[in-house]
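*Asks:*
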Amino acid sequence: MKNKWRILSKGEQTASIENLHIDFGNFAPNSIQKFLIYIGQHSFLKRGLFRYRYSKIIFSLKKGPLDVYFKKCAFRIFGENNLIEYGILLDPKYNSLDLKFLLEGSNLDSNFVDLGSNIGLYSQPLALASPNGIVLSIDANPLMKSRLLFNYKATAITNIRFVLSAVSNKIGTGSLKIRKNDNAIVALDENIKSDVKINTLENIISDNNIKNIYGLKIDIEGHEDKALVPFLLNANESLLPKKIVIEKFSKNTDYPECTLAFKKLNYKLVSRSKNNSFYEKN
0 MKNKWRILSK
10 GEQTASIENL
20 HIDFGNFAPN
30 SIQKFLIYIG
40 QHSFLKRGLF
50 RYRYSKIIFS
60 LKKGPLDVYF
70 KKCAFRIFGE
80 NNLIEYGILL
90 DPKYNSLDLK
100 FLLEGSNLDS
110 NFVDLGSNIG
120 LYSQPLALAS
130 PNGIVLSIDA
140 NPLMKSRLLF
150 NYKATAITNI
160 RFVLSAVSNK
170 IGTGSLKIRK
180 NDNAIVALDE
190 NIKSDVKINT
200 LENIISDNNI
210 KNIYGLKIDI
220 EGHEDKALVP
230 FLLNANESLL
240 PKKIVIEKFS
250 KNTDYPECTL
260 AFKKLNYKLV
270 SRSKNNSFYE
280 KN
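If you're matching positions, the sequence shown starts at 0 in numbering that gives the first Met the number 0 and goes up one per residue.
#1: Tell me which same chain residues have a C-beta within less than 8 angstroms of the C-beta of ILE170, skipping the five on either side of it?
#2: Could you pull out every residue in the same chain whose Cβ sits closer than 8 angstroms to the Cβ of ALA224, ignoring the five residues on either side in sequence?
#3: Per the contact definition of three or more C-beta pairs closer than 8 angstroms, is the stretch 45 to 52 in contact with the stretch 17 to 29?
#4: For the alpha helix (DSSP H) that contains GLU223, what are its first and last residues?
#5: Need the endpoints of the beta strand (DSSP E) that GLU279 sits in, please.
#6: Using DSSP bridges, identify the partner residues of GLY173.
#7: Cβ atoms of ALA73 and THR157: under 7 angstroms apart, would you say?
#8: Tell me which residues share the same chain as SER116 and place their Cβ nearer than 8 angstroms to its Cβ, disregarding the 5 neighbours each side in the sequence.
#9: When the distance is taken between beta carbons, is GLY221 closer than 7 angstroms to LYS183?
#10: Return the residue from the list ASP108, GLU189, LEU98 and LEU163 that minimises the CA-CA distance to PHE275.
#11: Taking three-plus beta-carbon pairs below 8 angstroms as touching, is the stretch 174 to 181 in contact with the stretch 225 to 243?
#12: Taking C-alpha atoms, which residue in LEU125, LEU82, LYS179 and GLU103 lies nearest to ARG5?
#13: What residue from ASN208, VAL166 and SER145 has the CA that sits closest to GLU11's CA?
#14: Which of the three DSSP states, helix, strand or coil, is assigned to PHE23?
#15: With distance defined between alpha-carbon atoms, name the residue in LYS192, PRO229 and LYS273 nearest to PHE248.
#16: In the DSSP assignment, find the beta strand (DSSP E) that holds LEU44 and state where it starts and stops.
#17: How big is the Cα-Cα spacing for GLN40 and ASN150?
#18: Using a Cβ cut-off of 7 angstroms (strictly closer), state whether GLU223 contacts chain D.
#19: For the alpha helix (DSSP H) that contains ASP206, what are its first and last residues?
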């Protein structure tokens with residue numbers, strides 16, 4: 000049952016400020032937790048199959064969240080169901096191929112879009128690498144807004160702009176749904192109207208006065224075709240991202256409408272990681 004989608008309740012979306020008023024560093028891992036984290040990072044325990052249970056053991060040793068660094072960025076992680084938190088805690092190379100691809104060839108002024116930003120796994124390292132550019136971080140979950148804002152302020156990053164919105168091919172409202180009770184697997188449900196704002200990517204980028212995009216990452220749990228394709232097919236050439244990292248539809252395939260748009264716009268499939276595909280514009 001927990002593997003099925005269910006509606007994310009209003010309470011679960013609440014942008015809780017619990018522990019977020021306390022300065023970063025006050026929840027540093029204790030000595031036993033540091034030891035276990037080291038063991039996890041240097042063994043098979045960092046793999047996805049084991050990360051969840053091992054992370055729970057680490058969090059059980061002290062009440063409250065943990066303040067950790069990942070790729071020179073500050074993250075306060077809460078030990079809840081969030082597969083991104085487990086990766087940040089235990090795998091120093093977590094999604095490194097994806098980030099490396101997005102950053103290759105970029106400069107200090109490059110702009111990025113992180114669509115489905117969660118707690119900032121991509122947004123923070125991208126912003127740190129391009130301090131004179133803008134990283135547009137977009138997520139529909141208010142809980143992620145409060146946590147990402149805390150994280151990038153703790154890192155002393157000033158070039159992230161957060162947009163609280165779901166993204167689709169139209170403007171409106173909808174609901175959020177969650178799978179596996181995991182805060183990293185939250186998607187838009189347009190059929191059930193609620194107070195979740197829906198906007199188009201074209202509008203969001205225009206509202207933020209973004210004139211060019213070097214890299215775009217998108218992971219919004221099945222809404223990729225509706226969110227990305229209209230923007231790509233209608234955008235000026237200067238706004239077409241040079242590089243795109245997109246969650247795969249299945250093991251070796253991408254979302255069908257995105258695939259057609261990539262072909263039409265002369266994007267080349269460069270490679271794939273476990274979860275994502277990497278495209279570059281020729």
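Every residue gets a Cβ at the ideal spot worked out from N, C-alpha and C, and that includes glycine.
*Replies:* On the basis of the coordinates in this document:
#1: Within the same chain, Cβ atoms closer than 8 angstroms to the Cβ of ILE170 are found at ILE197, ASN198, THR199 and ASN202, the five residues on either side in sequence being excluded.
#2: What sits at residue 224 in the sequence shown is Asp, not Ala. TYR254, PRO255, GLU256 and CYS257.
#3: No, the stretch 17 to 29 does not touch the stretch 45 to 52.
#4: That run of the alpha helix (DSSP H) goes 223 to 233.
#5: 275 to 280 is the span of the beta strand (DSSP E), which, as asked, contains GLU279.
#6: The partner list for GLY173 (beta bridge, DSSP) reads VAL195.
#7: Going by C-beta atoms, THR157 is not nearer than 7 angstroms to ALA73.
#8: Residues of the same chain with a CB within less than 8 angstroms of the CB of SER116, apart from the 5 flanking positions on each side, are SER122, SER136, ILE137, ASP138, MET143, LEU147 and PHE161 in chain order.
#9: According to the sequence as given, residue 183 is Ala; it is not Lys. No; because the gap between Cβ atoms is not below 7 angstroms, this pair is not in contact.
#10: In the sequence as presented, Phe is not what sits at residue 275; that position holds Asn. Considering only alpha carbons, the answer is LEU98.
#11: Fewer than three Cβ pairs drawn from the stretch 174 to 181 and the stretch 225 to 243 lie within less than 8 angstroms of each other, which leaves the two stretches out of contact.
#12: Among LEU125, LEU82, LYS179 and GLU103, the Cα nearest to that of ARG5 is on LYS179.
#13: In terms of Cα proximity to GLU11, the closest of ASN208, VAL166 and SER145 is SER145.
#14: Looking at PHE23 - three-state DSSP - the assignment turns out to be coil, as it is neither helix nor strand.
#15: Among LYS192, PRO229 and LYS273, the Cα nearest to that of PHE248 is on LYS273.
#16: Where LEU44 is concerned, there is no enclosing beta strand (DSSP E), given that its DSSP letter is neither H nor E.
#17: Taken atom to atom, the span from the alpha-carbon of GLN40 to that of ASN150 is near 22 angstroms.
#18: Any reference to chain D falls outside this structure, which holds one protein chain only.
#19: Element bounds for ASP206: 200 to 206.
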